[in-house]
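What follows is a short report on a single structure.
Residue numbers (the working numbering), protein chains in the order written: chain C, 915 to 1393; chain P, 23 to 122.
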């Protein structure tokens, strides 16, 4: 059996009876068994569900009928995404024993397209973090460098794919939580436009920012997953009716002549010198491919982290009010109702979540709302305008994904503000709602992957994928 | 100083969040530093800017129109109650709220 599987490789092998979906699922569970103790990428496995689905795919293959696009593809799902009957903790003690009674739309669509859901992946608690060190269930190790973090918050989803413990995975991105771990673990990782993928069943952190998106080992596979999960869903009123193009059909379109914006604000102080060299070499690849490079300005970039941590924490404080020990999750007993709420939440939430609830409640509270929350919403409009203005001049924007490569476990845990600043190149696109991908762009120190980020205009996923694919095909990963 | 110990106590009360003495002090210090950083937003004149609550334009969602109110059975009540810490079907039980 080959080490490296792609989506097409899996479907073709199953169709040609070279392997059964059941055997393949078994092979991945074997791999997980041998590596997960070290990496801690998976929090829960769902073999019953996986084998039942695999058997259906095998029956379909035996009957000679055409196989659906993700037939038999072993996929991992971040633990903030609901899976019917499979424990979903959000990396939190407050949901330690929670078993969702329904599937997220993205999960339902993956299975309808033939995918085999292997299990749930580790993440920062309620997706709040940039290193996966805020999980209540232990850190995840970066498969490329096991003394390092995998990035976060979707660290488990990135590590699982990078270590070949899944062919693809779903993560979620609120301020960089797909792109940054993709960058740290050396695999392509994408968030579509806000509204492109239904959030139904995604356990909410910051509703105006949260997005579900794929990790895979190559850009074509990222496109294949996005294709399946994108599109209007009646259960999410913010999922748009915008037509979903055929990403795979457009991915090979030539990129020659496309104008790429290079914003100087993304190459400022705080950027690792080796990372800068790799990104510059990556940009040179685009030039060789015939793209036109355009220096652009995005003047509000420097305000994005401050804006993000006002808006995201405000929304989080509101969304996390639901964990009250009544309907699901942990309850810590107390004779009074309010005492029960306070104790349950005080004990159930971890330190980063409590920090953000306190900050978010503060910026929304009487007397501070205008100075912080309203101000944040206004600056968000300016950041979105930076993107709109840029896209009148260029077809896409190219930046580093992260100013630094994967850092050492424990290195940044004592300073929350320093940890927040690691998201500096990703939060802008989150606030603006535009699509973005991180693609591998060489390694520094001989082993630490660097990610190059491509932003497109809202609902310009096809363009983003096309550029990322061309970059990958031109050898971007080994630049 | 942007945030006082009393502010953190008040906010924790609003959020129904029990915090230990050590947590109160830790969060006060850390959030003070974060608010100091967030203060840079005041460098920008936003007097003529409309706040942005979300990024989608009205025509990008169908939310702007009202849908038919159609009854749909979901049949998950018993499964949902199974997740409750203290269920008494068909109710969720909570500590006594009203003192007589």
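We treat Cβ as the ideally placed atom computed from N, Cα and C, and that holds for glycine.
query: Who are the Cβ neighbours of residue 1156 of chain C in its own chain at under 7 Å, not counting the five residues just before and after it?; result: 1373
query: For residue 1241 of chain C, collect the residues of the same chain with a Cβ closer than 8 Å to its Cβ; drop the 5 residues on either side in sequence, then sort them by chain order.; result: none
query: So what's residue 1352 of chain C in DSSP terms, helix, strand or just coil?; result: strand
query: Rounded to a whole number of angstroms, what is the C-alpha to C-alpha distance between residue 1224 of chain C and residue 1173 of chain C?; result: 33 Å
query: Excluding sequence positions up to five away, which residues of its chain have a Cβ less than 7 Å from the Cβ of residue 1144 of chain C?; result: 1106, 1110, 1111 and 1158
query: Quick one: what does DSSP say residue 1374 of chain C is sitting in, helix, strand or coil?; result: coil
query: Which one of C:1344, C:1331, C:1382 and C:1356 has the shortest CA to CA distance from residue 54 of chain P?; result: C:1331
query: Using a Cβ-Cβ cut-off of 7 Å (strictly less than) and excluding sequence neighbours within five positions of residue 1278 of chain C, which residues of its own chain qualify?; result: 1228, 1231 and 1287
query: Measure the beta-carbon distance from residue 1382 of chain C to residue 1351 of chain C and round it to whole angstroms, keeping in mind my assumption that it falls under 8 Å.; result: 5 Å
query: Is there contact between the segment 992-1004 of chain C and the segment 1113-1122 of chain C, where contact requires at least three CB pairs shorter than 8 Å?; result: yes
query: Enumerate in chain order the residues of its own chain whose CB-to-CB distance from residue 1262 of chain C is below 6 Å, with the five nearest sequence positions on each side excluded.; result: 1007, 1008 and 1244
query: Within 8 Å of any Cβ in chain C, is that where the Cβ of residue 74 of chain P sits?; result: yes
query: Would a check of beta-carbon distances place residue 113 of chain P closer than 8 Å to chain B?; result: In summary, chain B is missing from the structure at hand, where the protein chains are C and P.
query: Kindly identify the DSSP beta-bridge partner or partners of residue 1084 of chain C.; result: C:991 and C:1128
query: Could you check whether the segment 1361-1375 of chain C touches the segment 1303-1320 of chain C, counting it as contact only if at least three pairs of C-beta atoms, one from each stretch, sit closer than 8 Å?; result: yes
query: Would residue 1335 of chain C and residue 1219 of chain C be called neighbours here (beta carbons separated by less than 8 Å)?; result: yes
query: Does the count of Cβ pairs from the segment 970-982 of chain C and the segment 1091-1101 of chain C closer than 8 Å reach three?; result: no
query: Who pairs with residue 113 of chain P in a beta bridge, going by DSSP?; result: P:110
query: DSSP three-state label for residue 1366 of chain C, please.; result: strand
query: Are the C-beta of residue 66 of chain P and some C-beta of chain C separated by less than 8 Å?; result: yes
query: Could you check where the alpha helix (DSSP H) with residue 928 of chain C kicks off and where it finishes?; result: 921-929
query: How would you label residue 984 of chain C, buried or exposed, when you count the other beta carbons within 10 angstroms and need 16 or more for buried?; result: buried
query: With contact counted as at least three CB pairs below 8 Å, one residue from each stretch, are the segment 1065-1077 of chain C and the segment 1125-1142 of chain C in contact?; result: yes
query: Identify whether residue 1108 of chain C lies in helix, strand or coil by the three-state DSSP scheme.; result: coil
query: Of all Cβ atoms in chain P, is any one closer than 8 Å to the Cβ of residue 1157 of chain C?; result: no
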